[in-house]
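One structure below.
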Amino acid sequence: MASESSQKNKARRQLKKRVRVDSEQNLERLDSLPWNSSLPENDGSNHDPFSVFIGSNELEGGFLCLEEIDELEYGLEIPKIDVENEKKKVKGKVKSKKRKISEGDEDESSGGEADGKTEGDEDESSGGEADGKTEGKAGGKELVDEKELKQKKEKKKRKKKKNRHEKNDEANKLKENTEPAEPLAVIDSQDGVEEDPVDAEYYEWNELRLHPLILKSIYRLKFKKPTPIQKACIPAAAHQGKDVIGAAETGSGKTLAFGLPILQRLLEEREKVERLLAEKGEANDRIAPDSVLRALIVTPTRELALQVTDHLKEVAKGTNVRVVPIVGGMSTEKQERLLKARPEIVVGTPGRLWELMSGGEIHLVELHSLSFFVLDEADRMIESGHFRELQSIIDMLPMNRSTESQPQNTQNCVTVSSLQRKKRQTFVFSATLALSADFRKKLKRGSVNSRKNDELNSFETLSERAGMRPNTAIIDLTNASILANKLEESVIECREEDKDAYLYYILSVHGQGRTIVFCTSIAALRHISSILRTLNINVWTLHSEMQQRARLKAIDRFRADEHGILVATDAAARGLDIPGVRTVVHYQLPLSAEVYVHRCGRTARASTDGCSIALISPNDASKFASLCKSFAKESFQRFPIELSYMPEVMKRLSLAHQIDKITRKNSQEKAEKSWLERNAESVELVLDDDDSEEERVKKYRHKKATSSQLNKLQQELNTLLSRPLQPKTFSKRFLAGAGVSPLVQHQFEELAKQKLGEASNFGENKRRKLVVIGQDCVEPLQALRSANKEPRLVLKEIAEKRKNVDDLRRKRKEMKKRLHEQRRKQRKKLKAGNE
Ligand SMILES: Nc1ncnc2c1ncn2[C@@H]1O[C@H](COP(=O)(O)OP(=O)(O)OP(=O)(O)O)[C@@H](O)[C@H]1O
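So the sequence shown is numbered by full-length UniProt numbering: it starts at 1 and just counts up by one.
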């Protein structure tokens, strides 16, 4: 018996030793993971008096370890960081192994009092010898000792149990607050230890060691795990304090990839001040809120600036960090008022930012404590139209070399910024950074600071001017095509004049989900929106000539409509984040591959899928060819067209075009007339109607004829539109199969109402059961996927067609020239004959 017990004890001791080694190895491994902050050595250049209190961390931003932050202070139990997890797992393993070893023993322990043998087994911590000693002894003292020991152990057990319950309660509370839906209990099948569901679900976030308040926001937003660009950027930017150049596909979460490190540092710094004051025994209310600008984020468009602001505000909820947008098209006074509140983060467009900066706006020019300078959609920023203002803004930034100014400790009040005299971090992000051949080379070299290109508006110059440091982390996660992974691209070849018909076809036969139709010119946008409205399709428009308020309204309305259609110029191509955009139509091809990528990026965002359809006419051939070349593509899938729909589509389009032409002419005439009248009025002239009676009658007749023609056309179109769009072979008796888009469904419903109306007029109750069937949605993406046998448009074909078109044009030109020459000769002959 004794030998059995000592064997058990030996086994236990060995196991303990192994577990300790395992756990140490695990901790070592975790310590060596790349996200550990690799803080530079103190080079002695930091003269910040506060560094005495802060320690070496202060040198590079004073990053706090997560462990230093008291979770309870924030009213939440933060899922443990990886180290904790590992420890927990190790403990679990020990437990389960112990359990295996002492199986039976524990059972015995319930009846331990009877034989007194198992006491020592349970009290494994006291060592195996105790067992040996108690073994076989039944003396009174020993019994008393055993009883005491047992009581102690039970007390300990009860305490442990209580603690466990309390912990579970807290975890449950957090789950309720953050993850109300389907809490997932994960059981580690290997060691039988129950893992915290939040722990398991947000495991990857925990590894990034973000501030508890940021994690709380992330749980609230239900972002289960960081996206690859976030995973790559956060350790470098937030924990290693590096500058970052980041390129990743559209919709991949780049905003938070730079936004979270900013928040992290601001919160860490606040924590540090609080801690310092607490150490010095001073009250927290003496901490002044940050009254200086800490992060300046520049975006190329107003919508994007507003969107980034909203996104950051959402994550910064509950942190007291203020984010403010500064964009053109809105009242300058209002924005100045916003800046008076001295927000820590400002997101703006270069134009308005520079306007306020050059006007001496105090919050924007006091940049000594600026810790972050961010260029979102950086490649767009270096294009003409933005660069000059951006350059001026960059020139206002203080040198990013040393801790140039002394901390302010005004009136004995510690400001957070006064403690943060460290280098400014620069973040440069875009989906298409890697598209430029020049930049691609630099990315490959892993450096952006080699001075080969002296072009003023090069990316290189910009980053250098912005104070980007040599050890910048360059993170390029773009795939070969740069486009989102789940995007399906397709093309429709058609004549220029048929583009409207194909657009109508896509929207009416397949118009599921939100669609954005892109064009390059405002004139084309106006044309399309007018035609579509004539065809009873409700569309929103967005272009740069619109008032800012109208632009935002259009976006809001589009966002609110599940099957909304937005016709936009490239003003909406970058950054716009509207969930549920299923299709992007390129009515006109963009002028560059970058813009094509950004347009396509309005769909297939955040790991969802989507589809892009480009309408290509012979005029677009050369643009299309260069697009293919940029993406090294040899072929494109053709979008499947059910040709039997086309006769009906064409009929409607022809009517819509005629109506549109007449209405445009009318409104143009009206505008011209009112312009003349307005001008005459302004110079106090009375306009004479100098038309003769005959002319006036003629005009009247013409007007009447046009208006009756317009009425006729409109009626005809209305009749067509009141019927669902049907393929030519469509049988009215059986309505099934092809799938019904919202527009067609609406038309069916209208038809049903009409029929019901007729039926009730004639008292025919039998016809009441008019049912619309076949409502399975066939959205463009679905149609595209199910038509994978559709022949692909090969680049060679395009090149051939382009050559044919060019040949034809050349021949026509030559013929014209020949004809012209012939006529000239004839005229010359005639002239000579006459003479
Ligand atoms: N970790 C995450 N998990 C799930 N969704 C996320 C995560 N991070 C961001 N998102 C969401 O993904 C969407 C796209 O994010 P964001 O606008 O930052 O993308 P982007 O890469 O900047 O796109 P673009 O290049 O088009 O500007 C947003 O709706 C955002 O809320």
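All C-beta atoms, glycine included, are put in the ideal place defined by N, C-alpha and C.
All figures in this text were calculated on a predicted structure; none of them were measured in a lab.
Mind checking I234: buried by the 16 CB within 10 Å criterion, or exposed?
It is buried - the Cβ of I234 has at least 16 other Cβ atoms within 10 Å.
Inter-residue Cα distance where the pair is A524 and E493:
Rounded to whole angstroms, the gap between the alpha carbons of A524 and E493 is 18 Å.
Give the range of the beta strand (DSSP E) segment to which F724 is assigned.
Sequence inspection shows Pro at residue 724; the Phe mentioned does not correspond to that position. Taken as a continuous stretch (DSSP letters only), P724 belongs to no beta strand (DSSP E), as it is neither H nor E.
Using three-state DSSP, classify residue 871 as helix, strand or coil.
What the structure shows of the chain is the stretch from 1 to 835, and residue 871 is not part of that stretch, so it cannot be assessed.
Buried or exposed: which applies to E835, given that a residue is buried once 16 or more other Cβ atoms fall within 10 Å of its Cβ?
Classification of E835: exposed, given that the 10 Å Cβ count is below 16.
On the three-pair Cβ rule with 8 Å, is the segment 371-389 touching the segment 423-431?
Two segments are said to touch when three or more pairs of C-beta atoms, one from each, lie closer than 8 Å; by this definition the segment 371-389 touches the segment 423-431.
Quick check: the segment 568-578 against the segment 595-608, are there 3 or more CB pairs under 8 Å?
Put simply, the segment 568-578 touches the segment 595-608. At least three CB pairs are less than 8 Å apart.
Taking the continuous alpha helix (DSSP H) assigned at S392, which residues delimit it?
Note, S392: alpha helix (DSSP H), F387 to M396.
Give the straight-line distance between the Cα atoms of I297 and S707, rounded to the nearest whole angstrom.
Answer to the nearest angstrom: the Cα atoms are 54 Å apart.
Taking 8 Å as the cut-off, is the CB of K216 close to at least one heavy atom of ligand 2?
With respect to ligand 2, the structure offers nothing, as its ligand set consists of ligand 1.
What three-state label does DSSP hand E77 in the structure shown?
At E77 the pLDDT is 37, less than 50, meaning the model places this residue with poor confidence; the figure from the coordinates comes in the next sentence. It is coil, neither helix nor strand.
With a threshold of 8 Å on Cβ separation, who are the neighbours of E366 within its own chain once the five nearest residues in sequence on each side are excluded?
So the list reads V292 and L293, once near-sequence residues are dropped.
Please look up how many angstroms separate the CB atoms of K334 and V323, rounded, as I've assumed it's under 8 Å.
Going by Cβ atoms, the distance from K334 to V323 rounds to 16 Å, so no, they are not a contact pair.
Taking 8 Å as the cut-off, does the CB of G610 come closer than this to any heavy atom belonging to ligand 1?
No, since every heavy atom of ligand 1 falls outside the 8 Å radius drawn around the Cβ of G610.
Taking 9 Å as the CB-CB limit, is L221 close to chain C?
You won't find chain C in this structure, because it holds only one protein chain.
Would you report the Cα separation of G513 and A783, rounded to the nearest angstrom?
Looking at the two C-alpha atoms, the distance is approximately 14 Å.
Of the choices R380, S654, V581 and T515, whose alpha-carbon is the least far from that of L462?
Closest option to L462, Cα to Cα, is R380.
In whole angstroms, what is the alpha-carbon distance linking R678 and L542?
Using only the alpha carbons, I get a separation of about 29 Å.
Output yes or no for whether 9 Å exceeds the beta carbon distance between Q714 and I659.
Cβ distance < 9 Å, so Q714 and I659 count as in contact.
Residue from Y202, L266, E207 and V697 with nearest C-alpha to L221:
Cα-wise, what sits closest to L221 is Y202.
Sort A625, E814 and Q588 by Cα distance to A614 and report the nearest one.
Ranked by Cα distance from A614, the first of A625, E814 and Q588 is Q588.
Apart from the five residues just before and just after F636, which ones in its own chain have a Cβ nearer than 7 Å to its Cβ?
Excluding positions up to five away in sequence, the list reads E489, S490, V491, R792 and L793.
Which stretch, first to last residue, makes up the beta strand (DSSP E) that contains P235?
Segment: none, P235 is in no beta strand (DSSP E) and carries neither H nor E.
Over the uninterrupted beta strand (DSSP E) stretch that includes P325, give me the two end residues.
Here the beta strand (DSSP E) through P325 covers V323 to I326.
Outcome for T719 when other beta-carbon atoms lying within 10 angstroms are tallied against a minimum of 16
Burial call: exposed.
For G833, three-class secondary structure by DSSP
DSSP, read as helix, strand or coil, puts G833 in helix.
How would you label N320, buried or exposed, when you count the other beta carbons within 10 angstroms and need 16 or more for buried?
Under a 10 Å Cβ-count criterion, N320 is classified as exposed, with fewer than 16 other Cβ atoms of the shown protein chains found around its own Cβ.
Spatial distance of I54 from P343 (CA atoms):
Annotation note: pLDDT 28 at I54 (below 50); position unreliable, coordinate value reported separately. Straight-line Cα distance between these residues: approximately 25 Å.
Sequence-distant residues of the same chain with beta carbon closer than 8 Å to L229, five excluded per side
As written in the sequence, residue 229 is Ile, which differs from the Leu given in the question. Within the same chain, I229 has close Cβ partners G246, A248, S252, G253, K254, A257, I475 and L477.
Where does G610 land, buried or exposed, given buried means 16+ other C-beta within 10 angstroms?
G610 should be labelled buried.
Just the C-alpha distance for I382 and I537, rounded to the nearest angstrom, thanks.
The straight-line gap separating the alpha-carbon atoms of I382 and I537 is approximately 38 Å.
In the DSSP assignment, find the alpha helix (DSSP H) that holds I506 and state where it starts and stops.
From DSSP, the alpha helix (DSSP H) with I506 extends over K499 to H510.
Specify the secondary structure class of L589 as computed by DSSP and reduced to three states.
Three-state result, L589: coil.
Just to confirm before moving on: does the CB-CB distance between P640 and S508 stay below 9 Å?
Contact: no.
For E303 versus R551, is the C-beta distance shorter than 9 Å?
Their beta carbons are under 9 Å apart, which means E303 touches R551 by this criterion.
Once you ignore the five residues that flank I565 on each side, which residues in its own chain have a CB closer than 6 Å to its CB?
Shown here for I565: same chain residues with a beta carbon closer than 6 Å to its own, the five before and five after excluded, namely T515 and V539 in chain order.
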